[in-house]
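K.L.:
Following this message is one structure expressed as structure tokens.
2 protein chains.
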Amino acid sequence: MADLNLDQHISQQFNDELEEVRSKVLRMGGIVESQLSDAVRAMIQGDQNLAREVADRDIEVNALEVDIDDECVRILARRQPAASDLRLVMAVIKTITDLERIGDEAKRVGRMVETELSGMLAEDIRSEIGYMGELVQQMLTRVLNAFARIDVDMAVDVIKSDNNVDVKYVSITRQLITHMAEDPRSIPTVLKVQWAARSMERIGDRCQNIAEYIIYLVKGQDIRHTEFADLID
Amino acid sequence: MADLNLDQHISQQFNDELEEVRSKVLRMGGIVESQLSDAVRAMIQGDQNLAREVADRDIEVNALEVDIDDECVRILARRQPAASDLRLVMAVIKTITDLERIGDEAKRVGRMVETELSGMLAEDIRSEIGYMGELVQQMLTRVLNAFARIDVDMAVDVIKSDNNVDVKYVSITRQLITHMAEDPRSIPTVLKVQWAARSMERIGDRCQNIAEYIIYLVKGQDIRHTEFADLID
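The listed protein sequences derive, respectively, from chains A and B. Each residue of the first sequence is one higher than the last, beginning at 12 in the working numbering. Each residue of the second sequence is one higher than the last, beginning at 12 in the working numbering.
Shown next, in the form of structure tokens:
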């Protein structure tokens, strides 16, 4: 946290407000984490009750998003933050959008398990989805840790690891195509699995977005759409 | 524009800055519009050259996003805007994120046509994709018009029309499943079409997001995650 001066405001109240926002983002992140892990578990275990819980928790996530957004607007209007404080507020505004959409993807997977997937998936698909789910969950946990500690190195690792998710996604897709070709009756079900895999791939992308905001927050450089490696020493 | 005071700033320069940002958002929107319409056309006509152009234009969109974002941060830091000015800046920050992702979806479709789709699609699929593409293009054009004129009624219409896109998406998916079941060799190609349809469905969702920011900008009310109808008179 060397480059940030989050603890050096003249106003204790301003400090408290920024801390409050940060902690709300982490609370929101925690709920989304649990949504993702439950969605993956529900899918693998064919557990429709668990799937329903994922969708239900969306309300809480949405309420937190609106709440944090309002808080950020109030801080911008009242405190007129500059430099790293302003970057923190900007990073929060963008981070919560991605967190909310990660929750949405988890909800999509949950709804699909709840309403459209009956019975267990084939063993090989289950294990592949489980593995991809683990990769994405690790990305989310690590990017939230990086946000909590404002740790650029960890954020860079998250960006790098997205490649593993993409590779896994391509191999799952190939496997699913084989399934469908061998047994056309399985197409509707396998297509659902394909969407779930795609949702996970996009969650990986969103974790990468959040990692980029953390780097922007610390370095003051916008690395979106660039070869980030050049900017990191 | 009754509720906004965009023209009543003491500083002419501040006026100019806000106008500049607004016009850049519209320029960005125009490029994304052309990406979307070209992606749909490339797919229907199997035109790989046109598809490549869609992907190439992404660089321009990304540069504008970073540029507008920087401009917004500068305005926040220097002008410390309040009330509707602050809401405008917030709406812009969020809108360009969605516009950039719409461009990304168009790029995905373009890349798919360029690298993975050889030859023409079946006639019935072409016509369905063409129709869905039209619906989504209309949504994008109308939400950009709503942004340009800051027109809440038009924004509400955009939100309502998203339902048509969702309905169309479900019917296309059903049709594609039939295709795959009847001819398993078509699965890899049809799956690509399915992804393109899903991309379009998500573009519709993003147009809806932008419409919600416009309503927030004018009404000062955050209607995300609510039954918006109650808030509109």
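Backbone N, C-alpha and C fix where the C-beta goes; we use that ideal spot for every residue, glycine too. As the structure is a computational prediction, the values presented were derived from the model and not from experiment.
(1) Kindly indicate the opening and closing residues of the alpha helix (DSSP H) around B/GLN59.
(2) Does DSSP put A/PRO199 in a helix, a strand or coil?
(3) Say whether chain A places a C-beta atom closer than 8 Å to the C-beta of B/VAL178.
(4) Are the beta-carbon atoms of A/ALA88 and B/ALA93 separated by less than 8 Å?
(5) Find out if the Cβ-Cβ distance for the pair A/VAL154, A/LYS230 is shorter than 8 Å.
(6) Can you tell me where the alpha helix (DSSP H) holding B/SER172 begins and where it ends?
(7) Along the chain, where does the alpha helix (DSSP H) that runs through B/GLY141 open and close?
(8) With a threshold of 8 Å on Cβ separation, who are the neighbours of B/GLU44 within its own chain once the five nearest residues in sequence on each side are excluded?
(9) Within the same chain, show all residues whose beta-carbon is closer than 7 Å to that of A/GLU212, passing over the 5 residues directly before and after it, in chain order.
(10) Among A/ASP67, A/GLU111 and A/GLU31, whose alpha-carbon lies nearest the alpha-carbon of A/ASN220?
(11) Among the candidates A/ASP194, A/ILE214 and A/LEU202, whose CA atom is the shortest distance from the CA of A/LEU146?
(12) Which residue wins for smallest C-alpha separation from B/ILE107, given the options B/ILE70, B/GLU76 and B/VAL124?
(13) Out of A/SER48, A/ALA222 and A/ILE86, state which residue places its alpha-carbon closest to the alpha-carbon of A/ARG160.
(14) For A/ILE243, does the three-state DSSP call read helix, strand or coil?
(15) Starting from B/MET131 and walking both ways along the alpha helix (DSSP H), at which residues does that stretch end?
(16) Compare the Cα-Cα distances from B/GLY144 to each of B/ALA117, B/GLU125, B/VAL72 and B/MET39 and report the closest residue.
(17) Quick check on DSSP: helix, strand or coil for B/ILE234?
(18) Starting from the Cα of A/MET123, find the closest Cα among A/GLU82, A/GLN59, A/MET39 and A/VAL100 and give me that residue.
(19) A/MET39: which of A/ARG85, A/MET131, A/VAL167 and A/ILE104 sits nearest, CA to CA?
(20) Where B/LEU99 and B/ILE140 are concerned, what is the direct C-alpha to C-alpha distance, given to the nearest angstrom?
(21) Strictly below 8 Å CB to CB, what residues from chain A border B/ARG235?
(22) For A/ASP244, does the count of other Cβ atoms within 10 angstroms reach 16, so buried, or fall short, so exposed?
(23) Suppose you measure from the CA of B/GLU125 to the CA of B/ALA62; what does that come to, to the nearest Å?
(24) Is there at least one Cβ from chain A nearer than 8 Å to B/THR108's Cβ?
(25) Looking at the secondary structure, which residues open and close the alpha helix (DSSP H) in which B/GLN56 lies?
(26) If you compare alpha carbons, which of B/MET165, B/VAL120 and B/SER129 is closest to B/ALA66?
(27) A/ILE86 touches chain B at which residues, Cβ-Cβ below 8 Å?
(28) On a Cα-Cα basis, can you pick out the residue from A/SER129, A/ARG196 and A/ALA74 that is closest to A/ALA53?
(29) Taking the C-alpha atoms as reference points, what is the distance between A/ASP80 and A/PRO195?
(30) Using a beta-carbon distance below 8 Å, is B/LYS171 in contact with chain A?
(31) Kindly list, in the order they appear in chain B, the residues whose Cβ is closer than 9 Å to that of A/LYS102.
(32) By Cβ distance, which residues of its chain are closer than 8 Å to A/HIS9, with the 5 residues on each side in sequence left out?
(33) Closer than 7 Å, Cβ to any Cβ of chain B: which residues of the segment 183-194 of chain A, in chain order?
(34) Are the C-beta atoms of B/ALA157 and some chain A residue less than 8 Å apart?
P.N.:
To lay it out plainly:
(1) One-based indexing of the second sequence puts residue 59 of chain B at position 48. Here the alpha helix (DSSP H) through B/GLN59 covers 59-67.
(2) One-based indexing of the first sequence puts residue 199 of chain A at position 188. Of the three classes helix, strand and coil, the one that applies to A/PRO199 here is helix, per DSSP.
(3) Translated into positions along the second sequence, residue 178 of chain B becomes position 167. Closer than 8 Å: no.
(4) In the first sequence, the residue the question calls residue 88 of chain A occupies position 77. In the second sequence, the residue the question calls residue 93 of chain B occupies position 82. Yes, Cβ-Cβ distance for A/ALA88 and B/ALA93 is below 8 Å.
(5) Within the first sequence, the letter at position 143 stands for residue 154 of chain A. Within the first sequence, the letter at position 219 stands for residue 230 of chain A. The answer is no: Cβ separation not under 8 Å.
(6) Within the second sequence, the letter at position 161 stands for residue 172 of chain B. Its alpha helix (DSSP H) spans residues 163-193.
(7) Along the second sequence, read from residue 1 onward, the residue named residue 141 of chain B stands at position 130. Residues 134-160.
(8) On the second sequence, residue 44 of chain B is found 33 positions in, with the first residue counted as 1. So the list reads GLN148, LEU151, THR152 and LEU155, once near-sequence residues are dropped.
(9) Start at 1 with the first residue of the first sequence, and residue 212 of chain A comes out as number 201. Result list for A/GLU212: VAL176, ASP177 and TYR180, in chain order.
(10) To locate residue 220 of chain A, count along the first sequence from 1; it is residue 209. Closest by alpha carbon: A/GLU111.
(11) If you number the first sequence from 1, residue 146 of chain A lands on position 135. Taking only the C-alpha atoms, the option nearest A/LEU146 is A/ILE214.
(12) On the second sequence, residue 107 of chain B is found 96 positions in, with the first residue counted as 1. Selected option, being the one with the closest Cα: B/GLU76.
(13) By 1-based counting over the first sequence, the position of residue 160 of chain A is 149. For the residues A/SER48, A/ALA222 and A/ILE86, the minimum Cα distance to A/ARG160 belongs to A/ALA222.
(14) If you number the first sequence from 1, residue 243 of chain A lands on position 232. The pLDDT assigned to A/ILE243 is 47, lower than 50, so where the model puts this residue is not dependable; a value taken from the coordinates is nonetheless given after this. Coil.
(15) Within the second sequence, residue 131 of chain B is the residue found at index 120, counting from 1. Counting along the chain, B/MET131 falls outside any alpha helix (DSSP H), and DSSP gives it neither H nor E.
(16) What you label residue 144 of chain B is simply residue 133 of the second sequence in a count that begins at 1. Nearest option by C-alpha distance: B/ALA117.
(17) Within the second sequence, residue 234 of chain B is the residue found at index 223, counting from 1. B/ILE234 falls in the coil class under three-state DSSP.
(18) Taking the first residue of the first sequence as position 1, residue 123 of chain A is located at position 112. Comparing Cα positions, the closest option is A/GLN59.
(19) Residue numbering aside, residue 39 of chain A sits at position 28 when the first sequence is read from its first letter. Comparing Cα positions, the closest option is A/ILE104.
(20) Against the second sequence, residue 99 of chain B aligns to sequence position 88. Against the second sequence, residue 140 of chain B aligns to sequence position 129. So the alpha carbons of these two residues sit roughly 35 Å apart.
(21) Against the second sequence, residue 235 of chain B aligns to sequence position 224. Within 8 Å Cβ-Cβ: ASN73, GLU76 and VAL77.
(22) The residue you call residue 244 of chain A lines up with position 233 of the first sequence. For A/ASP244, the pLDDT reaches just 41, beneath the cut-off of 50, and the residue's location in the model is therefore unreliable, although a value from the coordinates is still provided. The residue in question, A/ASP244, is exposed, as its Cβ has fewer than 16 Cβ neighbours within 10 Å.
(23) Stepping through the second sequence from its first residue, residue 125 of chain B is reached at position 114. Stepping through the second sequence from its first residue, residue 62 of chain B is reached at position 51. Each residue's alpha carbon lies about 6 Å from the other.
(24) For the purposes of this step, residue 108 of chain B is taken as the residue at position 97 of the second sequence. Chain A, which has a Cβ nearer than 8 Å to the Cβ of B/THR108, makes this yes.
(25) The residue you call residue 56 of chain B lines up with position 45 of the second sequence. Looking at the DSSP string, the run of the alpha helix (DSSP H) that includes B/GLN56 is 23-56.
(26) Against the second sequence, residue 66 of chain B aligns to sequence position 55. Of the candidates B/MET165, B/VAL120 and B/SER129, the one whose C-alpha sits nearest the C-alpha of B/ALA66 is B/VAL120.
(27) Within the first sequence, residue 86 of chain A is the residue found at index 75, counting from 1. Those do not exist, as A/ILE86 stays about 11 Å from chain B at its closest Cβ, beyond 8 Å.
(28) The residue you call residue 53 of chain A lines up with position 42 of the first sequence. Of A/SER129, A/ARG196 and A/ALA74, the residue nearest in Cα terms is A/SER129.
(29) Against the first sequence, residue 80 of chain A aligns to sequence position 69. Against the first sequence, residue 195 of chain A aligns to sequence position 184. Using only the alpha carbons, I get a separation of about 47 Å.
(30) Sequence index remark: in the second sequence, residue 171 of chain B carries index 160 (1-based). Not one chain A Cβ lies under 8 Å of B/LYS171.
(31) Along the first sequence, one-based indexing puts residue 102 of chain A at 91. Going by the sequence as given, residue 102 of chain A is Ala instead of Lys. Within 9 Å Cβ-Cβ: nothing; A/ALA102 doesn't reach chain B, min ~11 Å.
(32) In the structure as shown, chain A starts at 12 and stops at 244, and residue 9 of chain A therefore has no counterpart that could be examined.
(33) ILE188, MET191 and ALA192
(34) Taking the first residue of the second sequence as 1, we reach residue 157 of chain B at position 146. B/ALA157 does not count as touching chain A.
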